[in-house]
Amino acid sequence: MEQYVIKGGTALSGEVEISGAKNAALGILAGAIMTDETVTIENLPNVKDINVLIGALEDIGATIDRVDDHTVKINGSSINRLSVDYEYIKKIRASYYLMGALLGKYKNAEVALPGGCLIGARPIDLHVKGLKALGANVDVSYGLWSARADKLVGSHIYLDKVSVGATINIMLASVLAEGKTTIENAAKEPHVVDVASFLNSMGANIRGAGTDVIRIVGVPALHGTTYAVIPDQIEAGTYMCAAAATHGDIMIKNVIPKHLEATSAKLIEAGCIIEEYDDAVRVIGKGRKLTSTHVTTLPYPGFPTDMQPEITAVLGIASGTSTVTESIFENRFKYVDELARMGANIKVESTVAIVTGVEKYTGARVCASDLRAGAALIIAGLAADGITVIDDIKYIQRGYEDIVGKFTKLGATIAEVDSEHELQKFKLKVS
3 MEQYVIKGGT
13 ALSGEVEISG
23 AKNAALGILA
33 GAIMTDETVT
43 IENLPNVKDI
53 NVLIGALEDI
63 GATIDRVDDH
73 TVKINGSSIN
83 RLSVDYEYIK
93 KIRASYYLMG
103 ALLGKYKNAE
113 VALPGGCLIG
123 ARPIDLHVKG
133 LKALGANVDV
143 SYGLWSARAD
153 KLVGSHIYLD
163 KVSVGATINI
173 MLASVLAEGK
183 TTIENAAKEP
193 HVVDVASFLN
203 SMGANIRGAG
213 TDVIRIVGVP
223 ALHGTTYAVI
233 PDQIEAGTYM
243 CAAAATHGDI
253 MIKNVIPKHL
263 EATSAKLIEA
273 GCIIEEYDDA
283 VRVIGKGRKL
293 TSTHVTTLPY
303 PGFPTDMQPE
313 ITAVLGIASG
323 TSTVTESIFE
333 NRFKYVDELA
343 RMGANIKVES
353 TVAIVTGVEK
363 YTGARVCASD
373 LRAGAALIIA
383 GLAADGITVI
393 DDIKYIQRGY
403 EDIVGKFTKL
413 GATIAEVDSE
423 HELQKFKLKV
433 S
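The numbers in our numbering rise by one with no breaks, and the one at position 190 of the sequence shown is 192.
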């Protein structure tokens, strides 16, 4: 019965340090097994998705040395099994990166079909298309997908839809293929660039990451490296939205401001002041009136779909009527009913949420339906009058490191409880 319990109404202030990017780290961890030499990965976020993937790597025989909470040494020379059906791997979407990595190195792989948050259809058809173009025979059945090839040969691959997962998976598979591979209509997200930079540090030859055309020249082998994961733009955006919703003043450190431009732009439109530094952004909501704006999620450099629930939580208490259009995942508004329990006035029509701002949220018992929905509920709870209790926090723990500790340092009254006794004790303490 793990829950987060929050007493809202405090304007957050202070500094928060952002962890490494979960979505980049997952692709990098998979790529680390593609050499028989030792790879050191630094700035790993200490979150459940990362720990599950590390467990899966260990399960197939990779040698893992957890140097500390944020550093791991991986050696793939001891891998003895090419079938990944680790007990927990089905729970994370990025399990599919093991397909590209194992197929690229061993020309043979079998991986459990991925799970993750229930935010809409995320088919693997583009992954399959890309691997087949490289010469693999791919089969999807009985909850597994498998791929085999005598050899992988570079190819020209056009992605019918921009897909971060397919772009990374094809990169992983093709870096050791013979000849040249071109990925057209490739995803341009920062974590795509980070995975490419990591592979290049291992001796891969990838050019164009961050544009819509990525060119890869296969190399005979990769070597060991030491590499630090980029900061997490979505974690940073979450604290930015919390500053706005609570009318606070937060310095968000260890970020790449350019990666946050879409989020910054919308918060400025909503009335906040944003100050950018070399590796930090300051969000000032103190003394500012939140006003309505319009948001449409798009592939990078557009507004991130992973920030859609968080910005909606902010706009729910902004004056006027906002619209939030979701163009990536068709089932990403499940959290709206939970915000309604807290007093939000949001009407969803197909892929558009019409948000009529209310004066304030009120505390309620709500349930996190997915990772980013859970973050939105925390933001709403921090801004609300009264006490908010959030169930199903396992989703939030998948992608946010020490979220209770970080918000507490910013002045929030928030705790994780695992029993009714602890919940009542918290309520008595803050009443």
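Note that CB positions come from ideal geometry on N, CA and C, so glycine has one too.
The region 401-411 makes no contact with the region 344-353: fewer than 3 CB pairs, one atom from each, lie closer than 8 angstroms. For residue 255, the secondary structure class from DSSP, reduced to helix, strand or coil, is strand.
The straight-line gap separating the alpha-carbon atoms of residue 283 and residue 162 is approximately 35 angstroms. In this structure, residue 81 sits near residue 63, with a CB-CB distance shorter than 8 angstroms.
Across the set 291, 302, 295, the C-alpha of 302 shows the shortest separation from the C-alpha of residue 262.
Nearest in C-alpha terms to residue 286, of all of 165, 273, 201, is 273. Taken in chain order, the complete beta strand (DSSP E) segments of 3 or more residues contained in the region 158-191 are 158-160, 182-186. With contact defined as three or more Cβ pairs closer than 8 angstroms, the region 39-54 and the region 84-101 are in contact. Spatial neighbours of residue 128 in its own chain (CB-CB distance under 6 angstroms, excluding positions within 5 residues in sequence) are listed in chain order as 161, 165, 168.
Of the other Cβ atoms in all chains shown, 16 or more fall within 10 Å of the Cβ of residue 29; this residue is therefore buried.
Counting along the chain, the unbroken beta strand (DSSP E) around residue 296 starts and ends at 296-298. Taking a contact to require three or more Cβ pairs closer than 8 angstroms, the region 332-341 and the region 367-384 qualify as touching. Bridge pairing for residue 393: 369 [DSSP].
Assigned with DSSP and collapsed to three states, residue 282 falls in strand.
According to the DSSP secondary-structure assignment, residue 305 is paired through a beta bridge with 299. Beta-bridge partners of residue 150 (DSSP): 110, 139. Taking residue 130 as the centre and dropping the five residues before and after it, the same chain places the C-beta of 140, 142, 147 closer than 8 angstroms to its C-beta, in chain order. By the Cβ test, the region 245-263 is in contact with the region 312-319, since at least three Cβ pairs between them sit closer than 8 angstroms. By the criterion of at least three beta-carbon pairs nearer than 8 angstroms, the region 168-178 is in contact with the region 192-205. Taken through DSSP and simplified to helix, strand or coil, residue 360 comes out as coil.
Residue 65 carries a strand assignment under DSSP once its states are collapsed to helix, strand and coil. The residue from 66, 99, 107, 114 with its alpha-carbon nearest to that of residue 89 is 114.
Residue burial annotation: residue 400 is buried, with at least 16 other C-beta atoms found within 10 angstroms of its C-beta.
Every beta strand (DSSP E) of 3 residues or more that sits fully in the region 9-41 is shown, in chain order, as 15-19. One Cα belongs to residue 370, the other to residue 397, and the distance between them is close to 7 angstroms. Per DSSP, residue 268 lies in no beta strand (DSSP E) segment; the continuous alpha helix (DSSP H) that holds it begins and ends at 263-271. Annotation for residue 417: no alpha helix (DSSP H) segment contains it, though the beta strand (DSSP E) segment containing it runs 415-419. Within the same chain, 9, 415 come within 6 angstroms of residue 432 by CB-CB distance, once the 5 residues on both sides are set aside. In the three-state scheme derived from DSSP, where H, G and I count as helix and E and B as strand, residue 233 is classed as strand.
Annotated three-state conformation of residue 327 is strand, per DSSP.
Secondary structure of residue 321 (DSSP, three-state): strand.
If you check the CB distance, residue 222 and residue 257 do not come in under 8 angstroms. DSSP places residue 422 inside the alpha helix (DSSP H), whose first and last residues are 422-432. Apart from sequence neighbours up to five positions away, the residues of its chain that approach residue 259 with a beta-carbon distance below 7 angstroms are 278, 283, ordered along the chain. When the Cα atoms are used, residue 187 and residue 45 turn out to be separated by approximately 30 angstroms. Excluding five sequence positions before and after residue 25, the CB atoms of its chain that fall closer than 7 angstroms to its own CB belong to 193, given in chain order.
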